[in-house]
Structures are given as C-alpha cells and as structure tokens.
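For reference, each letter of the sequence shown is one residue, going 1 to 409 in the working numbering. Ideal placement from N, C-alpha and C gives every residue a C-beta, glycine not left out.
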Amino acid sequence: MVGLIIFTLYTGGMAGAVFNYGLYPRSLGMGKAFCSVSGDVESGYYNPAGLSALRVNDLRLAHHTLYGGGRLEYLGYSFPTKHFGSFGFTIINHVVEGFYSFDENLQQYSSFGFSENCIIVSYSYLLGQTLGLGINLKGLSSKLAQYADFGIGGDAGLVLFPKRQYTLGLMVHNAWPPRLTMNEQTDIFPSIIRFGGSIRFYDNRFLIAADGAQPIGYDLNPHLGIEFIAIPRALTLRAGVDGNEVSFGGGFRWAFGRLAFGLDYAMLMHHAFNYLPANTHKLGLNIQFGGFRVWLNAKPKVFSPSPFHRENVLWIYLHINAQRPVKRWQLLIRNDLGEVVRTFASWGEPPKRLTWGGLDDVGRSAPDGDYYYELLVVDERDDVLKYDDFLTTIKTIGPPGELEVIPEK
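Structure, rendered in structure tokens:
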C-alpha cells in the first residue's frame, strides 16, 4: 500500500505517468532534459523529431528500480535510412507488485499488482538542414487487479537545427490521447506540451540542455541537465535536476570501427520528498552499429619506412558510408603530440586505399613513435562525418648486417 501511495504522490494522480518516468540512464542522468537532444534512440520517447539527426543503428536495454518497489524495463531500437527518414521502436514494461485488498470486515484478499505495457512506433524526417519533424503511434495496455484495458494514442514534435551545436525542440505528448476504462471509470491521458533547447561546445564534448513540460491542467515541470565527455569514446559524466529529483550518472563506451558498446548508470534522489524515499538506480546497455559513419583500417600496425625492410609502407583502407554523395574529404595523420604530420585531401569521392611511406608533408622522414588519424568527410548537404583513432607505430629498422667479435689474445 505504501508503494501505491508513493506512486500516486509522485505522479500527482496524472494518467499516463509512465510517459514521464524517463527510460535510459543517459536522459535520466540529465534530469530528463531531452526534448531538443537529437540523434538518440530515446528521442522516440521525448521527441520523435530528434530521430531526424540519427546516424547509426541504435539498440538500448535498461532496467529501473522505482519508488515503492516498482520496476521498469526498456527496449529501444532506431535506425536511419538514406531516403526515407528515420524509424524507432520503443517497448516499456512497468510493474508494481505486492498490494493487498480487504473487505468491509478487514478480511484480507489475495495480493494483486499493477502493470503497464507500452509499444511506441516513431518516424522522423529531416527537411533540409533546419527542420526535423516526427510522429509517434503508441499502444498502451494497463492492468490493476482484475481490471484491464488497452488504448491507442499519438504524439507529434519538431526540432530546429537538429545537426547544429544549438538545437530547439517542441513536442506534444498525447496529441491523440489514449483512453483507458477500468471498473466503469475512464482515464483520458492529458496532453503535455514539452519544449526545450540545448547547446554543445568544447568540440562537442560539453552539452547543456533545458526543458519545460506542461501537462494540461497540471503544474509546469522544469528539467535541466549537463553531459561532459571526460574521455572521448570512453567516459561520459552527467548530472541533472527537475521538479522532483536530482540525478547523477555516467557511462563507459568502447568503439571498434563500425561497432560500439556502452554501459550507462544513473542514480536519482527525490528532493521533492526531502530525500526520504530510497535512491533509485538505473542501469542500461547500448549497442551502436552500421548506419552512416567513416573509419579506416591500416596495415601493418608497426612498420619501418626503411628500404631495407619488407614492411616499409603503410596501407590505409578507407571505409566511407555517407548518406549522400561526398563533396570533399580529408585525412590527417598526427604524431603523439597532436601535430599534423601528413595530410591527404581532395574534392569528390575518396579513394578506397591510400599508402603512406612515413614522410611528412615536406618530404622528411617522420620520427619513430605512435601516430593517429582524423578522417573527415563532408557530403553535398555539408553534413559532416568524422572519426579519429590510433593509426600505426613507426619503428625504424636498419639494414641487416653481421657483427664480428674477435676475442682478445
């Protein structure tokens, strides 16, 4: 019963509160300020228009503990296409168990639970480079004790400048509101107007986002979040706050060319209840693959530019999967100090393979050490794909010879 009281207080008695919980530790760690954060599978939940900036196939799984002993499971998948926009799918399972009922003589019946299951199908399309539009179609089933029903609804949203450093978003949750009837009582999900803005800076490593969520007939709920990529492609830190909770979190990431794995965590503390409810913990796994991206393979990983050594040339294989034809490309080779040693660049489609003999841009031999690359591709709409990673190690090996040792007499 305590769980039901906390559930009711937390949601304010609002129908469809499952659409305000948040789904994955990334957005939860940022205070659920996600209406304008584009290019993420969670956009299907916060604002489907954000899927218009999606570049890779994105699969996410998450487990949440909720106040009062409830739990929420999440599965999301989204993918972009070359000509037909982006698609997303969201599955939510929400369960609260361990409730008891009594008759007028205080005789206890068997325990019962509350459960919700939701499926959201999202679609988004980018008009030019300025405006992304998105819609959701969602179905929700709800069960409380012996009562159950199923409802269908829809959302609509837009995002301005989805691929720039500053982005604005507007979303109408339940533009087509679901209706659920149980025990002759009908709940109509209220429409929620969600708006927000975000900005990225410091080479896109720092993100600040702010949202306002206004349910019709309820109070405005503000959201503020920050995200900092502490170690590129390795460690991300997050913090956020909204009208109910303070949150902290982070994530680890491992990238391998076309495939990337991530593990994310968030902890939420309920300041609206003076931190009396126990902290809740969110854990998630994400896998990104395919889509539109660039990377390269280089062989050998250690080579000597000496003419006396068999492996004296580095073979560089470029992998370009752009959404549109390539306008220009650039490959920079840097030393371990970050200085550019060699530049390859041209207009039009890049070659499939390049060679590097260990010389810099003025024809001098590059010193021994580790070298890294930065590959940048710009398509005909000025959309930029970029990737950087370890390239090779130069280790100079001289010509073979013999050393004669003459013992002393």
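Check: In chain order, which continuous runs of the beta strand (DSSP E) of length 3 or greater are located wholly inside the stretch 289-354?
Finding: Counting whole runs of 3 or more residues, the stretch 289-354 contains the beta strand (DSSP E) stretches 293-299, 314-321, 326-335 and 340-347.
Margin query: I need the straight-line Cα distance from G68 to F112, nearest angstrom please.
Written below: The residue you call residue 68 lines up with position 68 of the sequence shown. The residue you call residue 112 lines up with position 112 of the sequence shown. Rounded to whole angstroms, G68 to F112 spans 14 Å at the Cα level.
Item checked: Coil, strand or helix - P277 by DSSP -> Along the sequence shown, one-based indexing puts residue 277 at 277. The answer is coil: DSSP assigns P277 none of H, G, I, E or B.
Note to self: Quick check on DSSP: helix, strand or coil for A49?
What the structure shows: Start at 1 with the first residue of the sequence shown, and residue 49 comes out as number 49. Helix, per DSSP.
Notebook entry, point to check: Cα separation between N297 and Y317?
Noted result: One-based indexing of the sequence shown puts residue 297 at position 297. One-based indexing of the sequence shown puts residue 317 at position 317. Using only the alpha carbons, I get a separation of about 5 Å.
Check: DSSP puts L160 in a beta bridge; with which residues?
Finding: By 1-based counting over the sequence shown, the position of residue 160 is 160. Answer by DSSP bridge pairing, in chain order: L131 and L168.
Checklist line | Inter-stretch contact at 8 Å, needing at least 3 Cβ pairs: the stretch 70-80 / the stretch 144-163 | finding: No, the stretch 70-80 does not touch the stretch 144-163.
Notebook entry, point to check: When you compare only the Cα positions, how much space is there between F292 and D187?
Noted result: Against the sequence shown, residue 292 aligns to sequence position 292. Against the sequence shown, residue 187 aligns to sequence position 187. Rounded to the nearest whole angstrom, the C-alpha separation of F292 and D187 is 43 Å.
Check: From which residue to which residue does the beta strand (DSSP E) around S86 run?
Finding: Position 86 of the sequence shown, counting from 1, holds the residue named residue 86. For S86, the enclosing beta strand (DSSP E) stretches over residues S86 to F99.
Note to self: When you compare the CB positions of C35 and Y46, do they come within less than 9 Å of one another, or not?
What the structure shows: As a working mapping, residue 35 is identified with position 35 in the sequence shown. As a working mapping, residue 46 is identified with position 46 in the sequence shown. Cβ distance < 9 Å, so C35 and Y46 count as in contact.
Notebook entry, point to check: Can you pull the DSSP bridge partners for T393?
Noted result: Numbered from its first residue, the sequence shown carries residue 393 at position 393. Within the DSSP secondary-structure output, T393 pairs in a beta bridge with V302 and D370.
Item checked: Helix, strand or coil at L224 according to DSSP, with G and I counted as helix -> The count along the sequence shown starts at 1 and reaches residue 224 at position 224. Annotated three-state conformation of L224 is strand, per DSSP.
Check: Between G39 and R26, is the Cβ-Cβ spacing less than 9 Å?
Finding: Along the sequence shown, read from residue 1 onward, the residue named residue 39 stands at position 39. Along the sequence shown, read from residue 1 onward, the residue named residue 26 stands at position 26. Result no, Cβ atoms of G39 and R26 do not sit closer than 9 Å.
Item checked: Three-state secondary structure assigned by DSSP to I6 -> Counting from one through the sequence shown, the residue named residue 6 turns up at place 6. With a pLDDT of 42 at I6, under the threshold of 50, the modelled position of this residue cannot be trusted; read the value that follows with caution. Three-state DSSP puts I6 in a helix.
Notebook entry, point to check: On the three-state DSSP scale, how would you describe G250?
Noted result: Position 250 of the sequence shown, counted from the first residue, corresponds to residue 250. Of the three classes helix, strand and coil, the one that applies to G250 here is strand, per DSSP.
Check: Is the CB-CB distance between L66 and Y123 below 9 Å?
Finding: Position 66 of the sequence shown, counted from the first residue, corresponds to residue 66. Position 123 of the sequence shown, counted from the first residue, corresponds to residue 123. No; because the gap between Cβ atoms is not below 9 Å, this pair is not in contact.
Notebook entry, point to check: For R233, which residues from the same chain have a beta carbon less than 6 Å from its beta carbon, with the 5 sequence-adjacent residues on both sides left out?
Noted result: As a position in the sequence shown, residue 233 is number 233, starting the count at 1. A distance below 6 Å between beta-carbons, with the five flanking residues on each side excluded, links R233 to the following residues of its chain, in chain order: R253 and A255.
Check: Do Q108 and F114 have their C-beta atoms within less than 9 Å of each other?
Finding: Translated into the one-based positions of the sequence shown, residue 108 becomes position 108. Translated into the one-based positions of the sequence shown, residue 114 becomes position 114. Not in contact: Q108 and F114 (Cβ atoms no closer than 9 Å).
Next item on the list: Could you pull the start and end residues of the alpha helix (DSSP H) that V27 belongs to?
Entry: The count along the sequence shown starts at 1 and reaches residue 27 at position 27. It should be noted that the sequence gives Ser, not Val, for residue 27. Segment P25 to G29, the alpha helix (DSSP H) holding S27.
Note to self: Does D275 pass the burial test, meaning 16 or more other C-beta atoms within 10 Å, or should it be called exposed?
What the structure shows: Your numbering for residue 275 matches position 275 in the sequence shown. Checking the sequence, you will find Tyr at residue 275 rather than Asp. Exposed, because fewer than 16 other Cβ atoms sit within 10 Å of the Cβ of Y275.
Next item on the list: Pick out whichever of L332, I216 and E104 has its Cα sitting closest to the Cα of E374.
Entry: Walking along the sequence shown from the start, residue 374 turns up at place 374. Residue L332 is the option with its Cα nearest to E374.
Check: Contact between the stretch 85-93 and the stretch 182-202: three or more CB pairs below 8 Å?
Finding: No, they do not touch.
Item checked: Touch test, the stretch 223-237 against the stretch 205-214, Cβ-Cβ under 8 Å, three pairs minimum -> Touching, yes.
Next item on the list: Go ahead and label W329 buried or exposed: buried means 16 or more other beta carbons lie within 10 angstroms of its beta carbon, across all protein chains shown.
Entry: Within the sequence shown, the letter at position 329 stands for residue 329. Its Cβ being crowded by 16 or more others within 10 Å, W329 is buried.
Margin query: Mapping the DSSP letters down to three states, classify S38 as helix, strand or coil.
Written below: Looking up residue 38 in the sequence shown gives position 38. Correct three-state label for S38: coil.
Check: Opposite E245 in the DSSP bridges: which residues?
Finding: What you label residue 245 is simply residue 245 of the sequence shown in a count that begins at 1. Listed as beta-bridge partners of E245 by DSSP are H270.
Next item on the list: Over the uninterrupted beta strand (DSSP E) stretch that includes H64, give me the two end residues.
Entry: Taking the first residue of the sequence shown as position 1, residue 64 is located at position 64. N57 to T65 is the span of the beta strand (DSSP E), which, as asked, contains H64.
Margin query: According to DSSP, is V18 part of a helix, a strand, or is it coil?
Written below: In the sequence shown, the residue the question calls residue 18 occupies position 18. Residue state, collapsed to three classes: helix.
Next item on the list: Between the Cα of Y218 and those of Y202, A230, N117 and S191, spot the shortest distance and give me the residue it belongs to.
Entry: Working through the sequence shown from its first residue, we reach residue 218 at position 218. Y218 has its Cα closest to that of S191, out of Y202, A230, N117 and S191.
Note to self: Would the stretch 356-366 count as touching the stretch 257-270 if we require 3 or more Cβ pairs under 8 Å?
What the structure shows: Cβ pair count under 8 Å is below three, so no.
Checklist line | Cβ neighbour criterion (16 or more within 10 Å) applied to N183 | finding: Here residue 183 is taken as the residue at index 183 of the sequence shown, counted from 1. Exposed.
Checklist line | 8 Å contact criterion, which G132 and F150 should meet: CB distance rounded | finding: Your numbering for residue 132 matches position 132 in the sequence shown. Your numbering for residue 150 matches position 150 in the sequence shown. G132 to F150, Cβ: 30 Å. No contact.
Checklist line | Unbroken beta strand (DSSP E) run spanning P407, endpoints | finding: Taking the sequence shown and counting its residues from 1, the one referred to as residue 407 is at position 407. For P407, no beta strand (DSSP E) run applies, since DSSP gives it neither H nor E.
Checklist line | F324 burial status per 10 Å Cβ neighbour count (16 or more: buried) | finding: Taking the first residue of the sequence shown as 1, we reach residue 324 at position 324. Here residue 324 is Arg; the residue named in the question, Phe, does not match the sequence. Label assigned to R324: exposed.
Check: Tell me which same chain residues have a C-beta within less than 6 Å of the C-beta of V313, skipping the five on either side of it?
Finding: Within the sequence shown, numbered from 1, the residue matching residue 313 stands at position 313. Excluding sequence neighbours, V313 sits near T355 and G357.
Note to self: For H153, which residues in the same chain have their Cβ closer than 6 Å to its Cβ, ignoring the five residues on either side in sequence?
What the structure shows: Within the sequence shown, numbered from 1, the residue matching residue 153 stands at position 153. The sequence as given places Gly at residue 153; His does not occur at that position. In its chain, beyond the 5 residues on either side, K138, N174, W176, P177 and P178 have a beta carbon closer than 6 Å to the beta carbon of G153.
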